[in-house]
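K.L.:
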Amino acid sequence: MKNMISMIMLGGMSFATLSHAASSTTLDLTPHLQDRFENNCAIRDHYDLHKNEDEILKILKNQVVKKDFDEDQAYTTTVYTLKNTVYKGLPVKKIEFSWGRSRTLSEYLYFDLSTQAAKQQFNKIKWNKNQKVEDAGLVIRKEGKFTIVQCYWSEVFD
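Count the sequence shown with the working numbering and you get residues 1419 to 1576, in order.
(1) Using C-beta distances below 6 Å, list every residue in its chain close to residue 1566, excluding the 5 sequence neighbours before and after it, in chain order.
(2) Leaving out five residues before and five after residue 1654 in sequence, what residues of the same chain have Cβ atoms less than 7 Å from its Cβ?
(3) Answer yes or no: do residue 1557 and residue 1568 have a C-beta to C-beta separation smaller than 8 Å?
(4) Going by C-alpha distance, which of 1444, 1553, 1562 is nearest residue 1502?
(5) So residue 1485 and residue 1494 are supposed to be a Cβ contact under 8 Å. How far apart are they, rounded?
(6) Could you tell me which uninterrupted beta strand (DSSP E) segments, each at least 3 residues in length, are contained entirely in the stretch 1459 to 1539, listed from first to last along the chain?
(7) Just to confirm before moving on: does the CB-CB distance between residue 1521 and residue 1573 stay below 8 Å?
(8) With a threshold of 6 Å on Cβ separation, who are the neighbours of residue 1534 within its own chain once the five nearest residues in sequence on each side are excluded?
(9) Can you look up residue 1453 in the DSSP assignment and give me helix, strand or coil?
(10) Of all the beta strand (DSSP E) runs that stay within the bounds of the stretch 1537 to 1570, which reach a length of 3 or more residues?
(11) According to DSSP, what are the bridge partners of residue 1445?
(12) Residue 1551: which of 1450, 1448, 1457, 1446 sits nearest, CA to CA?
(13) One question on the structure: do residue 1455 and residue 1545 come within less than 8 Å of each other, judged by their Cβ atoms?
Okay, here's the thing in structure tokens:
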């Protein structure tokens, strides 16, 4: 009887582990953002993974832990704190979408490069700092524990 109860409990624990693992699937942003961040920030005139002022696309929703929205006279910005999200195998802790009143759009990736291996991997990525399109650019900066990569471009009017 004790063996039967132990087996049932073990089976229940295995199921709980599997269901937890399924809900914590890692999202790789590389296929969605590589052309923008490594080639041309202005490749599309709209945001990736984000539409309207505060709506993210379905594939990103399961990764969001926290959302912060800020509106200022000069800009609006939405920052999503993420879980289980990577870009080229590197942990991405936040993604930010910003729109400036000067008609500039920006996407930011916040990387956790706390290990030497992560720093080395980050340095292998071919970030395109020499943008072909006027008013587009890529900036990399360190802020606290994060390394932030910003891709910006001008808003296009039809």
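In this text, a Cβ means the ideal position worked out from N, Cα and C, and glycines have one as well.
P.N.:
Here's the rundown:
(1) Here the set comprises 1526, 1528, 1559.
(2) Residue 1654 lies beyond the residue range present for the chain, which begins at 1419 and ends at 1576; the question has no answer from this structure.
(3) With respect to the 8 Å criterion, residue 1557 and residue 1568 are classified as neighbours on the basis of their beta carbons.
(4) Across the set 1444, 1553, 1562, the C-alpha of 1444 shows the shortest separation from the C-alpha of residue 1502.
(5) No, residue 1485 and residue 1494 are not in contact; Cβ-Cβ is about 13 Å, not under 8 Å.
(6) Here the runs fully enclosed are 1482 to 1489, 1493 to 1500, 1503 to 1505, 1508 to 1518, 1522 to 1530.
(7) Yes; because the gap between Cβ atoms is below 8 Å, this pair is in contact.
(8) The beta carbon of residue 1534 sits closer than 6 Å to no other beta carbon from its chain once the five residues preceding and following it are set aside.
(9) For residue 1453, the three-state secondary structure derived from DSSP is helix.
(10) Fully enclosed beta strand (DSSP E) runs of 3 or longer: 1555 to 1561.
(11) Paired residue(s): 1503.
(12) When each option's Cα is compared against that of residue 1551, the closest is 1457.
(13) Yes, they are a contact pair.
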